[in-house]
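Residue numbering for the sequence shown follows my numbering, beginning at 258 and increasing consecutively. Inspection log for the structure reproduced underneath, given as structure tokens.
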Amino acid sequence: MCRLLGYLGPRVQLDRLLFKPEHSLIVQSYQPKEMTAGLLNADGFGVGWYHPERQNEAFVYKNTLPIWSDVVNLPSLSRYVESGCILANVRSATPGLTVDLSNCQPFQYQRLLAMHNGAIEQFRQSLYRPIR
258 MCRLLGYLGP
268 RVQLDRLLFK
278 PEHSLIVQSY
288 QPKEMTAGLL
298 NADGFGVGWY
308 HPERQNEAFV
318 YKNTLPIWSD
328 VVNLPSLSRY
338 VESGCILANV
348 RSATPGLTVD
358 LSNCQPFQYQ
368 RLLAMHNGAI
378 EQFRQSLYRP
388 IR
């Protein structure tokens, strides 16, 4: 099962949420507890945030690689990004689903960011076309 992080509060540097906590998303990606299927969250990751002075714009950084393998870009970016509204995700793909950017969260539609955990029944028949 994917791991989700949501933060809403005073501005904080992204690295304080992703790297510093004892049970950070980085740690949860390779040492997840209570997994019902799979062993790792290694099927991509993503981070989304709103810039404090540009609340009408959402920013997203995603990768299809495991979060622990992004040893250059993510640490550098996360020391620079500061926000009071942050979403992040490490993915454990549902069997049969592809590992590609379109399946990595957070999802973005215009200025909105969203995440969910689980499956949407009859997605192709109901929601696929309207959101593409």
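Virtual Cβ for every residue (Gly too), placed ideally from N, Cα, C.
Cβ distance (whole Å) where residue i is taken to contact residue j below 8 Å
{"i": "Asn298", "j": "Pro309", "result": "Actually they do not touch by this definition, with Cβ atoms about 29 Å apart."}
{"i": "Cys342", "j": "Tyr307", "result": "5 Å"}
Cα-Cα separation, residue i to residue j
{"i": "Ser326", "j": "Asn320", "result": "10 Å"}
{"i": "Gln382", "j": "Ala376", "result": "14 Å"}
{"i": "Pro278", "j": "Asn330", "result": "20 Å"}
{"i": "Ser281", "j": "Ser335", "result": "13 Å"}
{"i": "Asp272", "j": "Ser340", "result": "11 Å"}
{"i": "Asp357", "j": "Ser333", "result": "23 Å"}
{"i": "Leu354", "j": "Cys259", "result": "13 Å"}
{"i": "Leu261", "j": "His373", "result": "8 Å"}
Enclosing alpha helix (DSSP H) for residue i [first to last residue]
{"i": "Val284", "result": "Leu282 to Tyr287"}
{"i": "Pro332", "result": "Asn330 to Tyr337"}
{"i": "Arg381", "result": "Phe380 to Ser383"}
{"i": "Leu296", "result": "Careful: Leu296 lies outside any alpha helix (DSSP H) and carries neither H nor E."}
Start and end residues, beta strand (DSSP E) containing residue i
{"i": "Gln312", "result": "Arg311 to Asn320"}
{"i": "Leu265", "result": "Arg260 to Gln270"}
{"i": "Trp306", "result": "Phe302 to His308"}
C-beta atoms of residue i and residue j nearer than 8 Å
{"i": "Tyr318", "j": "Val328", "result": "no"}
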